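*Asks:* Residue numbers (my numbering), protein chains in the order written: chain A, 1 to 82; chain B, 83 to 206.
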């Protein structure tokens, strides 16, 4: 079973616990976001990744360029740990 | 995912996770010590903006999140309600993106096997 299958199962379970009215608000907001073409300007395959330097959980500076000098890098943007 | 992370690392790649959360909010001390990848704090979404990923959470959703106990202004240190579109990139050593997955629906994710496949192509 792939990661997406596992996530789909979790989503189905959690949606059962959410009131219908709330589920409807979430669904229509998702449609609104999809229509808004937010991702039209997103970086895609073939684009140059912009360099950056950010602070990690231990307060140390991490730069993309420095990591790339050692090997390929996988970046995962997520909304939050909530 | 733990297994895939080991494979990714054995292929010489690093994994970084970026969110707009304040650093002290993202993880407990124990979690910080056990991390096998970099968890970076992008307060104000400046890096996410460079990648063209920032959106504003629709007003209708804000009370829904609050009801779930999710305090976005508290977590991010501002009340902009700006968030990154969930996205995963694989970047080669020339800074070129060789795989992208940009998906507004946060319940959809890139299969880790596709990351490993992209890394394998690089090493060929």
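Backbone N, C-alpha and C fix where the C-beta goes; we use that ideal spot for every residue, glycine too. Fair warning: this is a prediction, and the values are worked out from it, not measured in the lab.
Taking just the CA atoms, how far does residue 19 of chain A sit from residue 178 of chain B?
*Replies:* Taking the first residue of the second chain as position 1, residue 178 of chain B is located at position 96. Taking the first residue of the first chain as position 1, residue 19 of chain A is located at position 19. C-alpha separation (whole angstroms): 44 Å.
*Asks:* Could you tell me whether the stretch 90-107 of chain B touches the stretch 137-147 of chain B, where touching means 3 or more Cβ pairs closer than 8 Å?
*Replies:* No: the two stretches stay apart, fewer than three of their Cβ pairs being nearer than 8 Å.
*Asks:* For chain A, find out if any of its Cβ atoms is closer than 8 Å to the Cβ of residue 161 of chain B; answer yes or no.
*Replies:* If you number the second chain from 1, residue 161 of chain B lands on position 79. For residue 161 of chain B, the answer is no, since every Cβ of chain A falls outside 8 Å of its Cβ.
*Asks:* Does the distance from the CB of residue 180 of chain B to the CB of residue 204 of chain B come in under 8 Å?
*Replies:* Position 98 of the second chain, counted from the start, is the residue given in the question as residue 180 of chain B. Position 122 of the second chain, counted from the start, is the residue given in the question as residue 204 of chain B. Yes; because the gap between Cβ atoms is below 8 Å, this pair is in contact.
*Asks:* From residue 74 of chain A to residue 151 of chain B, what does the alpha carbon distance come to, in whole angstroms?
*Replies:* Taking the first chain and counting its residues from 1, one reaches residue 74 of chain A at position 74. Taking the second chain and counting its residues from 1, one reaches residue 151 of chain B at position 69. Cα to Cα, residue 74 of chain A sits roughly 30 Å from residue 151 of chain B.
*Asks:* Should the stretch 42-56 of chain A be called in touch with the stretch 16-33 of chain A, which here means at least 3 C-beta pairs below 8 Å?
*Replies:* Not touching, per the Cβ criterion.
*Asks:* Tell me the residue span of the beta strand (DSSP E) that contains residue 122 of chain B.
*Replies:* Position 40 of the second chain, counted from the start, is the residue given in the question as residue 122 of chain B. Segment 120-123, the beta strand (DSSP E) holding residue 122 of chain B.
*Asks:* Are three or more beta carbon pairs between the stretch 40-52 of chain A and the stretch 90-97 of chain B nearer than 8 Å?
*Replies:* Short answer: they don't touch.
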